[in-house]
Amino acid sequence: MIEVGSLKARMESTPGGLKTEEYFVNMGPQHPSTHGVLRLVLKMDGETVREVIPVLGYIHRSIEKIAEHLNGRQIVHLTDRMDYLSSAMNNWAVSLAVEEALQIELNPRIETIRTIVAELERIQSHLLWWGVLGIDLGAVTTFFYGFRDREMITDILEETTGARLTLNYIQPGGLMFDIHPHFVKRVKEVLAHLKIKICEYETLLSENVILQNRLRNVGILTSEKAISMGSTGPVLRGSGVALDLRKQKPYGVYGSVEFDVPVGSVGDSWDRYWVRVEEIRQSMRIIEQLIDNIPEGKFMVMKPAKKLTLPKKSYFGQVETARGILGVYIQGCEKEEPHRVHFRSPNFNNLWVITQIAPGGKMADLVATLSTLDLVIPDIDR
Amino acid sequence: MAVEENSFLLTTVDALVNWSRANSLWPLAFGTSCCAIEMMMASTAARHDIARFGAEVVRPSPRQADLLIVAGTIVKRMASRLKRLYEQMPEPRYVMATGSCTIAGGPFYYNSYTTVRGIDEIIPVDVFVPGCPPRPEGLFYGLLVLQRMIKEGESVAQPGVRRKPVMAALPPAMTLKDIQKEIAALLVERSEVKTRGVSPNRIWEERA
Numbered sequence: 077m078i079e080v081g082s083l084k085a086r087m088e089s090t091p092g093g094l095k096t097e098e099y100f101v102n103m104g105p106q107h108p109s110t111h112g113v114l115r116l117v118l119k120m121d122g123e124t125v126r127e128v129i130p131v132l133g134y135i136h137r138s139i140e141k142i143a144e145h146l147n148g149r150q151i152v153h154l155t156d157r158m159d160y161l162s163s164a165m166n167n168w169a170v171s172l173a174v175e176e177a178l179q180i181e182l183n184p185r186i187e188t189i190r191t192i193v194a195e196l197e198r199i200q201s202h203l204l205w206w207g208v209l210g211i212d213l214g215a216v217t218t219f220f221y222g223f224r225d226r227e228m229i230t231d232i233l234e235e236t237t238g239a240r241l242t243l244n245y246i247q248p249g250g251l252m253f254d255i256h257p258h259f260v261k262r263v264k265e266v267l268a269h270l271k272i273k274i275c276e277y278e279t280l281l282s283e284n285v286i287l288q289n290r291l292r293n294v295g296i297l298t299s300e301k302a303i304s305m306g307s308t309g310p311v312l313r314g315s316g317v318a319l320d321l322r323k324q325k326p327y328g329v330y331g332s333v334e335f336d337v338p339v340g341s342v343g344d345s346w347d348r349y350w351v352r353v354e355e356i357r358q359s360m361r362i363i364e365q366l367i368d369n370i371p372e373g374k375f376m377v378m379k380p381a382k383k384l385t386l387p388k389k390s391y392f393g394q395v396e397t398a399r400g401i402l403g404v405y406i407q408g409c410e411k412e413e414p415h416r417v418h419f420r421s422p423n424f425n426n427l428w429v430i431t432q433i434a435p436g437g438k439m440a441d442l443v444a445t446l447s448t449l450d451l452v453i454p455d456i457d458r
Numbered sequence: 025m026a027v028e029e030n031s032f033l034l035t036t037v038d039a040l041v042n043w044s045r046a047n048s049l050w051p052l053a054f055g056t057s058c059c060a061i062e063m064m065m066a067s068t069a070a071r072h073d074i075a076r077f078g079a080e081v082v083r084p085s086p087r088q089a090d091l092l093i094v095a096g097t098i099v100k101r102m103a104s105r106l107k108r109l110y111e112q113m114p115e116p117r118y119v120m121a122t123g124s125c126t127i128a129g130g131p132f133y134y135n136s137y138t139t140v141r142g143i144d145e146i147i148p149v150d151v152f153v154p155g156c157p158p159r160p161e162g163l164f165y166g167l168l169v170l171q172r173m174i175k176e177g178e179s180v181a182q183p184g185v186r187r188k189p190v191m192a193a194l195p196p197a198m199t200l201k202d203i204q205k206e207i208a209a210l211l212v213e214r215s216e217v218k219t220r221g222v223s224p225n226r227i228w229e230e231r232a
């Protein structure tokens, strides 16, 4: 990777002055601030980052290949383990594709519960991100607060779905189980709690001068670059592009609820921070509109069948996860196992943004930028 | 003066050394995927506190750690890195494998061309914690089992010789009869295993 000859030639051609030597640093694959096993090869000049080269594959579990040996219903549990912080949304994407193939009409109860669970998942994902952002920048308190409130949501999800993280709840044709009798009550409690706490968090972290200095005008991503890199989710919205599938191409019951899409203006780390904190509020708003009137009905409309064969066509389901647009492409071949399954994961595109925005900045800013991109590495490698 | 293997002096020293080792396990957090979130939850976050068991100092560096908590799937590309991290840790070192991926490949067992089917193919493991991912309580239980193993198992006379790997919980989807049978078998096994002079697992010896 290190081209000694070219480096030497470049140094010798520098006219006069103090000569500096560029060197390479391996960040990862076992590094606490890369949030997993991401490896970044950094070309450094002193403290300044000259080039970032992401090296992938350290958690490549060949999910796409495994999915080629499973039927439409069995793929769902694998998507839990991709982006484990928005597992409900991942399940939903697969379900959308399979439902498109089998032409299943869902009842409003299923759609409503799916939306509520997905939004709860989004809130807990953003809370975790908020806590970990603090730790990355040296503030440990946020970690405790973020996890405390996140735990309240995981408790609700556990009661209903039986799992804390990998829910496997949204299935093709409906839901795995009906909601727990305490679901509505507990969600209301959490919403009332969070409403106060979000304001508290704003005063604790958002209005902190150190945080503002660390994030403002750091890692600026222009909207053109964001679009050309294919980034989605809060990263794209932080750059001022109001692309949100929940608005543009509503699935579930997003078409009938009111919410705003927060959009940044500059595209720096602060904008991405602000967009996520605001999204927590908007998710709460969505749940508040739905939680009081969950319609009656069945929670599963698909009949249990031994075989699930997809017709010979290609299907695409996409949802807005907590990190961006997840697309699931399934190509059926009149057999139980699909011919090809492909996931268009949001984190993959969001990661490559770092190669554009980090060069020229300092090493410490790279950590802050990485943190605001909110990467989940198993979703990148799959 | 030669000290006999089971002398009063050595057993007392054993007890003291093992007690202090068991209660000051500094974990090396090696989180690769979902289990890492539950490990974070268990170790330092709001509801649970691993400091109760003397393991609060989570280190990202292997040089300062005693306990390697492998949380998440290990794929072939990562395997050599995991082995190197393990080798960099100072003795005595302990390994806790959390999650079904580290035990046997978990949901990625079939048809995967990259997953390592159980990290005991790479490094020796002391405690397996099942679950996908295991709850924080499960992790604690695994830690308690490890502490008990350390307190009972190792002797100054035979350093490095430990008891064979332990599964820190019963597997799910078992009937009551199965559990009773399992517990009875475990009790018999436990009663036969002696703390001193225990014959170490053959596979263990080969790997270590």
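Read top to bottom, the protein sequences are chains A and B. Just so you know, the first sequence maps onto residues 77 to 458 in the working numbering. Just so you know, the second sequence maps onto residues 25 to 232 in the working numbering. A virtual CB, placed ideally from N, CA and C, is assigned to each residue, including glycine.
The three-state reading of DSSP puts LYS100 (chain B) in helix, counting H, G and I together.
Shown here, GLY309 (chain A) sits in coil according to DSSP, grouped into three states, outside any helix or strand.
It is roughly 16 angstroms from the alpha-carbon of PRO157 (chain B) to the alpha-carbon of TYR133 (chain B). Put simply, the segment 122-132 of chain A does not touch the segment 396-413 of chain A. Fewer than three CB pairs are less than 8 angstroms apart. Per DSSP, the continuous beta strand (DSSP E) segment holding ASN102 (chain A) begins and ends at 99-103. Contact between ILE61 (chain B) and TYR391 (chain A) is absent: CB atoms are separated by about 31 angstroms, not below the 8 angstroms threshold. DSSP assignment within the segment 388-415 of chain A yields the following whole beta strand (DSSP E) runs of 3 residues or more, N-terminal first: 390-397, 400-407. Using beta-carbon distances, SER124 (chain B) does not count as an interface residue toward chain A, since no partner is under 8 angstroms. Unbroken alpha helix (DSSP H) stretches of 4 residues or longer found wholly inside the segment 183-213 of chain A: 184-212, given in chain order. Under the Cβ distance rule, PHE220 (chain A) counts among the residues neighbouring chain B, one pair being separated by less than 8 angstroms.
Per DSSP, the unbroken alpha helix (DSSP H) holding MET64 (chain B) starts and ends at 58-67. When Cβ-Cβ separations below 8 angstroms define contact, TYR330 (chain A) makes no contact with chain B. Interface annotation, TYR277 (chain A): not in contact with chain B, CB-CB separation never under 8 angstroms.
With respect to the C-alpha of THR298 (chain A), the residue from A:TYR327, A:VAL337, A:LYS264, A:VAL342 having the closest C-alpha is A:VAL342. In the displayed model, PHE152 (chain B) falls within a strand according to three-state DSSP. Of all alpha-carbon atoms in B:THR126, B:ARG45, B:ARG105, the one lying nearest the alpha-carbon of VAL153 (chain B) is that of B:THR126. Taken atom to atom, the span from the alpha-carbon of VAL285 (chain A) to that of ARG292 (chain A) is near 10 angstroms. Chain A has a Cβ within less than 8 angstroms of the Cβ of GLY55 (chain B). Under DSSP, the beta-bridge partners assigned to ALA53 (chain B) are B:ILE93. Sorting A:THR96, A:LEU203, A:GLY309 by C-alpha distance to the C-alpha of THR124 (chain A) places A:THR96 at the top. The beta-carbon of LEU109 (chain B) is placed less than 8 angstroms from the nearest beta-carbon of chain A. Rounded to the nearest whole angstrom, the CA to CA distance from PRO105 (chain A) to ARG185 (chain A) is 44 angstroms.
Around the Cβ of PHE253 (chain A), a 10 Å sphere holds fewer than 16 other Cβ atoms; the residue is exposed.
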